[in-house]
Amino acid sequence: MQLGVDSEHYDLLIIGGGINGAGIARDAAGRGLKVLLVEQNDLASATSSASTKLIHGGLRYLEYFEFRLVAEALAERETLLKIAPHIIWPLEFVLPHESHLRPAWMIRAGLFLYDHLGHRMLGFGSKSSLPMSKGVRLADNGYGAGLKPEFKRGFVYYDCWVDDARLVVLNARSAAAHGATIQTHTRFVSARREGGEWAATLNGERGIRTVRASAIVNAAGPWVRQVLDEALRIRLPATVRLVKGSHIVVPRIHEERHAFILQNPDRRVIFMIPYERQFTLVGTTDVPVTRDDYRAKISRKEIDYLCE
2 MQLGVDSEHY
12 DLLIIGGGIN
22 GAGIARDAAG
32 RGLKVLLVEQ
42 NDLASATSSA
52 STKLIHGGLR
62 YLEYFEFRLV
72 AEALAERETL
82 LKIAPHIIWP
92 LEFVLPHESH
102 LRPAWMIRAG
112 LFLYDHLGHR
122 MLGFGSKSSL
132 PMSKGVRLAD
142 NGYGAGLKPE
152 FKRGFVYYDC
162 WVDDARLVVL
172 NARSAAAHGA
182 TIQTHTRFVS
192 ARREGGEWAA
202 TLNGERGIRT
212 VRASAIVNAA
222 GPWVRQVLDE
232 ALRIRLPATV
242 RLVKGSHIVV
252 PRIHEERHAF
262 ILQNPDRRVI
272 FMIPYERQFT
282 LVGTTDVPVT
292 RDDYRAKISR
302 KEIDYLCE
């Protein structure tokens with residue numbers, strides 16, 4: 002096996018080729034830093050290609066008074082929609098009203114905030130490119146198609162759908178265009194401090210080699226703690242909580258173009274999103290997983306939960 006030392010020095014070594022790693026690489030390379038990103042598999046091979054495929058502000062977080070989080074996410078949604086309209090586009094959501102879960106005034110107030118919070122982050126006089134939310138009769142315009150007949154009224158609001166894996170690839174390509182080096186099928190083995198910088202050992206298609214970097218970003222997703230413990234040998238008191246958000250794909254539930262956001266009795270919400278023309282994507286769950294279960298699979302209990 003080839004063993005060597007890379008003669009180049011990098012300002013930033015990024016571990017992980019998901020949306021976080023690719024986005025950081027794009028931003029850093031665009032600021033003039035010399036960047037190396039390594040990914041042990043393909044770009045977007047894990048969580049970043051198995052998402053709910055939404056660019057959204059997090060409507061449900063308003064219930065927990067996370068106003069700044071939602072405002073920042075809404076502003077970023079607007080930015081992404083403007084710079085990548087070929088892979089991100091508006092999606093209409095229908096929220097059927099269930100009065101025993103949340104009163105109508107609470108939902109209306111939350112949607113009003115959702116319509117306007119992002120403007121503060123974008124600057125004075127800015128406007129969202131998406132329509133405002135509204136109350137609707139579900140019998141109108143096919144809004145109730147696929148729902149139980151007892152649902153009579155609801156609300157409509159807008160977020161965005163995204164081709165999640167392609168967004169990762171485009172960020173990586175943009176980073177490369179700004180001078181970043183992107184290496185897939187390259188595993189980060191270990192790193193140690195030497196003379197005020199990092200000497201990192203990589204194992205990839207070029208064999209085992211050592212590269213040097215001023216800083217390392219751990220964007221390894223579910224493997225972030227494994228990188229800390231086994232590769233960097235950094236012990237932190239805080240634990241990393243691993244959860245899986247599972248989806249199921251079912252035959253298309255209705256022919257309309259809108260998605261549904263449904264309220265569950267446990268106060269979580271479930272998305273039902275048109276997917277690949279003939280299917281509907283339903284999710285998600287929120288289930289803790291162990292460190293040894295990185296390739297988590299959906300359980301029968303989760304399937305039953307999503308089909309309630």
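Count along the sequence shown from 1, then add 1; that gives the number in this note's numbering.
Glycine residues also receive a C-beta, built at the ideal position from the N, C-alpha and C atoms.
Residue from A30, A47 and K128 whose Cα sits closest to the Cα of R174: Locating residue 174 in the sequence shown gives position 173, counting from the first residue. The shortest Cα separation from R174 among A30, A47 and K128 belongs to A30.
Can you tell me the Cα-Cα spacing of E9 and A200, whole angstroms? Counting from one through the sequence shown, the residue named residue 9 turns up at place 8. Counting from one through the sequence shown, the residue named residue 200 turns up at place 199. Roughly 11 Å separates the two Cα atoms.
Hey, is the segment 276-289 in contact with the segment 238-257, meaning 3+ C-beta pairs nearer than 8 Å? Contact between the segment 276-289 and the segment 238-257 is present, with at least three C-beta pairs closer than 8 Å.
Is S129 closer than 8 Å to F156 when the C-beta atoms are compared? By 1-based counting over the sequence shown, the position of residue 156 is 155. By 1-based counting over the sequence shown, the position of residue 129 is 128. No, they are not a contact pair.
Would you call D160 buried or exposed, if buried means 16 or more other Cβ atoms sit within 10 Å of its Cβ? As a first step, residue 160 is located in the sequence shown; it is residue number 159 there, counting from the start. Looking at its Cβ environment, which holds 16 or more other Cβ atoms inside 10 Å, D160 is buried.
Taking Cβ to Cβ, would you say V169 is nearer than 8 Å to I16? The residue labelled residue 169 in the question sits at position 168 within the sequence shown. The residue labelled residue 16 in the question sits at position 15 within the sequence shown. Not in contact: V169 and I16 (Cβ atoms no closer than 8 Å).
What does the alpha-carbon distance come out to for the pair R138 and L112? Locating residue 138 in the sequence shown gives position 137, where the first residue counts as 1. Locating residue 112 in the sequence shown gives position 111, where the first residue counts as 1. Between R138 and L112, the C-alpha separation is close to 17 Å.
Between the alpha carbons of A176 and R167, how many angstroms are there, rounded? One-based indexing of the sequence shown puts residue 176 at position 175. One-based indexing of the sequence shown puts residue 167 at position 166. One C-alpha to the other measures close to 14 Å.
With a floor of 3 residues, list each beta strand (DSSP E) that falls wholly inside the segment 117-193, ordered by position along the chain. For the beta strand (DSSP E) assignment, the uninterrupted runs of no fewer than 3 residues enclosed by the segment 117-193 are, from N- to C-terminal side, 135-138, 154-163 and 182-184.
Specify the secondary structure class of I15 as computed by DSSP and reduced to three states. Counting from 1 along the sequence shown, the entry for residue 15 is found at position 14. Residue state, collapsed to three classes: strand.
Any idea which residues DSSP pairs N21 with across the strands? Here the question's residue 21 lines up with position 20 in the sequence shown. Partner(s): none; N21 has no beta bridge.
Would you tell me roughly how many angstroms separate the C-alpha atoms of V212 and L37, rounded to the nearest one? As a working mapping, residue 212 is identified with position 211 in the sequence shown. As a working mapping, residue 37 is identified with position 36 in the sequence shown. Going by the C-alpha atoms only, they are around 9 Å apart.
What runs of the beta strand (DSSP E), each 3 residues or longer, lie entirely inside the segment 47-106? For the segment 47-106, the continuous beta strand (DSSP E) assignments of 3+ residues that do not extend past its boundaries occur at 89-97, in sequence order.
Round the Cβ separation of A260 and P275 to the nearest angstrom and send it over; I've been treating them as touching at under 8 Å. Along the sequence shown, read from residue 1 onward, the residue named residue 260 stands at position 259. Along the sequence shown, read from residue 1 onward, the residue named residue 275 stands at position 274. Taking a contact as a CB-CB distance under 8 Å, the pair A260 and P275 counts as one, their CB atoms being some 6 Å apart.
Would DSSP call K245 helix, strand or coil? Here residue 245 is taken as the residue at index 244 of the sequence shown, counted from 1. Residue state, collapsed to three classes: strand.
Please return the same chain residues whose Cβ sits closer than 6 Å to the Cβ of E206, not counting the five positions on each side in sequence. Walking along the sequence shown from the start, residue 206 turns up at place 205. Exclusion of the five residues before and after E206 leaves H186 as the residues of its chain whose Cβ lies within less than 6 Å of its Cβ.
Does the beta-carbon of W106 have 16 or more other beta-carbons within 10 angstroms, so that it is buried, or is it exposed? Locating residue 106 in the sequence shown gives position 105, where the first residue counts as 1. Exposed, since its Cβ has fewer than 16 Cβ neighbours within 10 Å.
Local conformation of V36 per DSSP, three classes: Taking the sequence shown and counting its residues from 1, one reaches residue 36 at position 35. Per DSSP, reduced to three states, the secondary structure at V36 is strand.
Straight-line gap, T202 to A23 (C-alpha atoms, nearest Å): In the sequence shown, residue 202 corresponds to position 201, counting from 1. In the sequence shown, residue 23 corresponds to position 22, counting from 1. Cα-Cα distance, rounded: 20 Å.
Assigned exposure category for E303 - 16 Cβ within 10 Å defines buried: If you number the sequence shown from 1, residue 303 lands on position 302. Sixteen is the threshold: when 16 or more other Cβ atoms of the shown chains lie within 10 Å of the Cβ of E303, as they do, the residue is buried.
Quick one: measure Cβ to Cβ for V228 and A239, integer angstroms, because I've assumed they're closer than 8 Å. As a working mapping, residue 228 is identified with position 227 in the sequence shown. As a working mapping, residue 239 is identified with position 238 in the sequence shown. Contact doesn't hold; Cβ gap of about 15 Å is too wide.
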